[in-house]
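For the protein sequence lines, the chains are C and P, in the order given. Add 566 to the 1-based position in the first sequence for our numbering, that's all there is to it. Add 461 to the 1-based position in the second sequence for our numbering, that's all there is to it. Backbone N, C-alpha and C define an ideal beta-carbon position, used for all residues, glycine too. Small disclaimer: the values here were computed from a predicted structure and weren't measured.
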Amino acid sequence: MRKGVLTLCNFVLIGLSFWLFFAPADVLGDASQIFDDRKKLVYQIRIIDISSGDKSSIGSGFQVSADGVLATNYHVVSDLIHEQDRHRLEVIDYLGNTIQSSLLDFDVVHDIALIKISTHGSDFFRIGKKSLSKGQRIYSIGNPQDLGMTIIEGNYNGLVENSRHKRLLFSGSLNPGMSGGPAIDEAGYVVGINVSKGGEQISFLVPSELLSMRIKGLREHASDADYAEVIQKDLYRDQDQYFKRILESTVPSELFGKLMLPGKLDPSLKCWGHTVDKPKLLYESFHKHCRTEDNLFIDGEFNTGSFAYNYEWMSTEKLNRLQFYHAVESRFEHLSLYNLDKEKYATNLSCTTDFVTINQESWKASICFRKYKQYHSLYDATLLLASVGQNHQAAVVTTAATGISKENAMALFRMFMGAIKWKRS
Amino acid sequence: METLVVQTGIKHGRVAEITRSEQGRLTIGRGFDNTIVLTDPYVAPRQLDFRCNEGQWSVDVLDETNPVLLNGKVVRGEGIAIDSGDRLTVGRTRLRVFSSDHQIETTHKLFWNSKLHADKVGIFTALSAFLVVSFLDGFFEYVQAAITSETKEYGFSALMLAVVIIVWAGIWSLIGRLLRHQPHFSMQLFTTSLVLGLLVFLNPLITYLDYASSSAMVGEYAAYGVAFIILSLLLKFNLFYATNIKHNTLSAVIVSAMIVMLAYTAVFIRQDTFSTTPTFSATVKAPFAKVRSDQTLDTFLGVVNLTVERLK
Numbered sequence: 567m568r569k570g571v572l573t574l575c576n577f578v579l580i581g582l583s584f585w586l587f588f589a590p591a592d593v594l595g596d597a598s599q600i601f602d603d604r605k606k607l608v609y610q611i612r613i614i615d616i617s618s619g620d621k622s623s624i625g626s627g628f629q630v631s632a633d634g635v636l637a638t639n640y641h642v643v644s645d646l647i648h649e650q651d652r653h654r655l656e657v658i659d660y661l662g663n664t665i666q667s668s669l670l671d672f673d674v675v676h677d678i679a680l681i682k683i684s685t686h687g688s689d690f691f692r693i694g695k696k697s698l699s700k701g702q703r704i705y706s707i708g709n710p711q712d713l714g715m716t717i718i719e720g721n722y723n724g725l726v727e728n729s730r731h732k733r734l735l736f737s738g739s740l741n742p743g744m745s746g747g748p749a750i751d752e753a754g755y756v757v758g759i760n761v762s763k764g765g766e767q768i769s770f771l772v773p774s775e776l777l778s779m780r781i782k783g784l785r786e787h788a789s790d791a792d793y794a795e796v797i798q799k800d801l802y803r804d805q806d807q808y809f810k811r812i813l814e815s816t817v818p819s820e821l822f823g824k825l826m827l828p829g830k831l832d833p834s835l836k837c838w839g840h841t842v843d844k845p846k847l848l849y850e851s852f853h854k855h856c857r858t859e860d861n862l863f864i865d866g867e868f869n870t871g872s873f874a875y876n877y878e879w880m881s882t883e884k885l886n887r888l889q890f891y892h893a894v895e896s897r898f899e900h901l902s903l904y905n906l907d908k909e910k911y912a913t914n915l916s917c918t919t920d921f922v923t924i925n926q927e928s929w930k931a932s933i934c935f936r937k938y939k940q941y942h943s944l945y946d947a948t949l950l951l952a953s954v955g956q957n958h959q960a961a962v963v964t965t966a967a968t969g970i971s972k973e974n975a976m977a978l979f980r981m982f983m984g985a986i987k988w989k990r991s
Numbered sequence: 462m463e464t465l466v467v468q469t470g471i472k473h474g475r476v477a478e479i480t481r482s483e484q485g486r487l488t489i490g491r492g493f494d495n496t497i498v499l500t501d502p503y504v505a506p507r508q509l510d511f512r513c514n515e516g517q518w519s520v521d522v523l524d525e526t527n528p529v530l531l532n533g534k535v536v537r538g539e540g541i542a543i544d545s546g547d548r549l550t551v552g553r554t555r556l557r558v559f560s561s562d563h564q565i566e567t568t569h570k571l572f573w574n575s576k577l578h579a580d581k582v583g584i585f586t587a588l589s590a591f592l593v594v595s596f597l598d599g600f601f602e603y604v605q606a607a608i609t610s611e612t613k614e615y616g617f618s619a620l621m622l623a624v625v626i627i628v629w630a631g632i633w634s635l636i637g638r639l640l641r642h643q644p645h646f647s648m649q650l651f652t653t654s655l656v657l658g659l660l661v662f663l664n665p666l667i668t669y670l671d672y673a674s675s676s677a678m679v680g681e682y683a684a685y686g687v688a689f690i691i692l693s694l695l696l697k698f699n700l701f702y703a704t705n706i707k708h709n710t711l712s713a714v715i716v717s718a719m720i721v722m723l724a725y726t727a728v729f730i731r732q733d734t735f736s737t738t739p740t741f742s743a744t745v746k747a748p749f750a751k752v753r754s755d756q757t758l759d760t761f762l763g764v765v766n767l768t769v770e771r772l773k
């Protein structure tokens, strides 16, 4: 099985409710005291399915300004954003009253949403401006799996190193149900918004500075169509920044088998290598896989923003040429994309396959694209290459990027293919 | 005066029942006083009366409970002219009438009569062909596709083909036994082995066409083409030895075309309109197999660009 799949597994979204409390005091009191003191600043956010009248997703939000702006996660309100006519927003205060509310703005790239409520107090959660040091104690508050209010104690561990999108690493255990809740430092300032879990004692927060930026750069939106356009623009800008950075820097070249291939193209990529160890196999083979590990949530069945590439070197002294190329053929597959599986999101993959001479050597090359239906300037694109010029040694190169513009994908593939060179001994 | 000859119980490969007219007259019906007595309950006791007037035969329809068909058309009344070779349908019985001087059609020549006909190919030759083909299949698989030291599966592949050949030849022998009283097992085994042996050689052609054209669609259609050729050949010989169908080649071609088209339709219907797996030419072959020259990187990316622009 291929190891280099665009796996989404370690992105566990947290989407239920909680009640928050918090005291912006110089010294934090004990949890029960804070709860009593600050609970009126915390709201439950429900997205109601209009047909059935019941909730389709719940989360929480906390007041971040005196004029009644609540912060939560984009993924808590994504159902409303995608199907406005089928859903409505419901905000409930600590007493259980439903408060009139409307969606103000959202940021799909950083998983932030802002909601405006009509009835509110003047007190609000303040966003921390001081930078914390690694290891400092922070608290995350939420209602895991609807089991009731809990405070999780953990450690602040700064920004996740080498991540494509900014995330804070919280060494504590967030659980499903805590989305949208704040993480606070000991002085009571908001450090980030609870967002996802990566593993045992590995959780992620949206950094509070991104929340501040979104509040300052508030955009007004009107309708459904407008929302799709907002998402498209944000996604486009995000991928453009990322791939332009890669394309504008010098391509690092490294020896792989007898080939010179692009090395690690960006710090956000994690690379792994292994040698195939199957005693009965009559050829030798080793692999290298590089991929980004964070994806962007669009809705429950659609995510994007991944980038990966794999190399595989194969050589043999025991197989005849027919058998050896049969082995190459068994590895000649496009990277599988698992980011969407419904017709409503994208077209079918459309592929172009041919023999191409790259730096004086012959390769079989295949490139597939599929276009996003709602975000029409974005695509999923995959590249597959196998060298076909040597009798007993070959390489298979695969690349895949989701949510990429056509121009960037073409430039990326051209860069990849152009960088491949056989090393003459 | 010519004699009228009526042929009943027409069966391929068997002796037909023949009744001749006596003194320019012949009657057909369920009654025992007729020249030809039919046990068909849909025939009247006195149904047809054939007479000869000055060398010309005609028939009277004596009962119209059920229609009488002459060459597929309903006829009524008396004095209907009859020509040699006419087909009559009475009730549920079919008859043919001939004049005694009817021109008998020429003998059909046996296909490959001197080389391959039944007695020439004994069970020994058939079994040899069968064993050679089964072995070749496993050997071909091994030479082309063995990438591990595990070789058992190639023996298994040969064995599977052997089972298919034996079962297929057996079924057609049984059909031959039923329809012609002759199983011709050796011939069925021999021809089935040869045709499926041809498949062993044609199979790589499918992937080769995919490879040479860099088009998965060409490979797919090549597979249907090879299936059609193999099935046509197979059925042609199977039908030839097991039945007395006159146009066995045409029948084999039509049946094969229908089976292939059905398979294509079934695949088409079952295909999902949306798929997350790409369709592309996934065949890679050794460098010596390449016939086409390569594209330049720019030309290739130009084609990719056009393909992407066509995405709706």
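| message | Buried or exposed for C/Val842, going by 16 or more other Cβ atoms inside 10 Å? | response | exposed
| task | At 3 residues or longer, and completely inside the region 651-691 of chain C: list those beta strand (DSSP E) runs for me, N to C. | result | 653-658, 667-673 and 678-683
| field | Interface positions of the region 728-742 of chain P facing chain C (Cβ-Cβ less than 8 Å), listed along the chain | value | Thr734, Phe735, Ser736, Thr737, Thr738, Pro739, Thr740, Phe741 and Ser742
| field | Own chain partners of C/Ala591 with C-beta closer than 6 Å, once the 5 adjacent residues on each side are dropped | value | Bear in mind that the predicted position of C/Ala591 carries a pLDDT of just 41, short of 50, making it unreliable; the figure below should be weighed with that in mind. Excluding positions up to five away in sequence, the list reads Gly754.
| request: Report the option in P/Pro528, P/His563 and P/Asp521 whose CA atom is closest to the CA atom of P/Gln468. | output: P/His563
| Where P/Leu639 falls, given that 16 or more other Cβ within 10 Å makes a residue buried | exposed
| task | Alpha carbon to alpha carbon, how far is C/Val817 from P/Thr757? Give it in angstroms, no decimals. | result | 21 Å
| Own chain residues within Cβ distance below 6 Å of P/Arg771, not counting five before or after | none
| query | What is the rounded straight-line gap between the Cα of C/Phe584 and the Cα of C/Met744? | reply | Any reading at C/Phe584 is ruled out, since the residue's pLDDT is 33, under 50, leaving its predicted position unreliable.
| field | Under 8 Å between C-beta atoms of P/Glu525 and P/Arg507 | value | no
| request: Consult DSSP for P/Gly490 and reduce its assignment to one of helix, strand or coil. | output: strand
| query | Considering P/Ser586, what are the terminal residues of the alpha helix (DSSP H) in which it resides? | reply | For the record, residue 586 of chain P in the displayed sequence is Thr; it is not Ser. From DSSP, the alpha helix (DSSP H) with P/Thr586 extends over Ile584 to Ala606.
| query | Applying the criterion that 16 or more other CB atoms from any shown protein chain within 10 Å of the CB defines a buried residue, is P/Leu589 buried or exposed? | reply | It is Ser, not Leu, that sits at residue 589 of chain P in the sequence shown. P/Ser589 should be labelled exposed.
| field | C/Ile613 burial status per 10 Å Cβ neighbour count (16 or more: buried) | value | buried
| task | Report back the beta-carbon spacing between C/Ile933 and C/Thr923 to the nearest angstrom; my notes put them in contact at under 8 Å. | result | C/Ile933 to C/Thr923, Cβ: 16 Å. No contact.
| said: Just to confirm my understanding: we take C/Pro828, look at its own chain, exclude 5 residues before and 5 after, and list those with CB closer than 7 Å. What are they? | reply: Val817, Pro818, Ser819, Phe982 and Ala985
| Beta-ladder partner(s) of C/His853, from DSSP | C/His840 and C/Glu878
| From P/Val548 to P/Leu660, what distance separates their C-alpha atoms? | Note that residue 548 of chain P is Arg in the sequence shown, not Val. When rounded, the distance between both Cα atoms is 44 Å.
| query | Do P/Val504 and P/Gly470 have their C-beta atoms closer together than 8 Å? | reply | no
| field | Proximity below 8 Å, CB of C/Ser723 to CB of C/Gly746 | value | The question names Ser, but residue 723 of chain C in the sequence shown is Asn. Taking 8 Å as the Cβ cut-off, C/Asn723 and C/Gly746 do not qualify as a contacting pair.
| Same chain, Cβ closer than 8 Å to P/Gly492, five either side skipped, listed in chain order | Val498, Pro506 and Arg507
| What did DSSP end up calling C/Thr573 once you bin it into helix, strand or coil? | In this prediction, C/Thr573 has a pLDDT of 35, which is less than 50 and means its spatial position is unreliable; what the coordinates show is noted afterwards. DSSP places C/Thr573 in coil when its eight states are reduced to three.
| field | Beta-ladder partner(s) of C/Ile693, from DSSP | value | C/Val756
| query | Taking buried to mean at least 16 other C-beta atoms within 10 Å of its own C-beta, is C/Ala975 buried or exposed? | reply | buried
| said: Tell me which residues of the region 606-618 of chain P have at least one Cβ-Cβ distance to chain C shorter than 9 Å, keeping chain order. | reply: Ala606, Ala607, Ile608, Thr609, Ser610 and Glu611
| field | Partners in chain C for P/Arg755, counting only beta-carbon separations shorter than 7 Å | value | The sequence shown places Asp at residue 755 of chain P, not Arg. Per Cβ cutoff of 7 Å: Phe921, Val922, Thr923 and Ser928.
| request: Taking 8 Å as the threshold, find out whether the region 661-675 of chain C comes into contact with the region 789-804 of chain C through three or more Cβ pairs. | output: yes
| task | Return the first residue and the last residue of the beta strand (DSSP E) that P/Val765 is part of. | result | Counting along the chain, P/Val765 falls outside any beta strand (DSSP E), though it belongs to the alpha helix (DSSP H) covering Leu758 to Arg771.
| Inter-residue spacing [alpha-carbon to alpha-carbon] between P/Gly686 and P/Ser560 | 48 Å
| field | C/Gln940, enclosing beta strand (DSSP E) - first and last residue | value | Unbroken run through C/Gln940: none, as it is neither H nor E.
| What are the start and end residues of each continuous alpha helix (DSSP H) run of 4 or more residues lying completely inside the region 882-937 of chain C, in chain order? | 887-897
| said: Less than 8 Å between CB atoms is the rule here; does P/Asn766 satisfy it with respect to chain C? | reply: yes
| said: Distance check for C/Ser778 and C/Asn639, CA to CA, integer angstroms please. | reply: 14 Å
| request: Determine, using beta carbons only, whether P/Thr710 comes closer than 8 Å to chain C. | output: no
| Test item: CB-CB of C/Ile658 and C/Gln610 under 8 Å | yes
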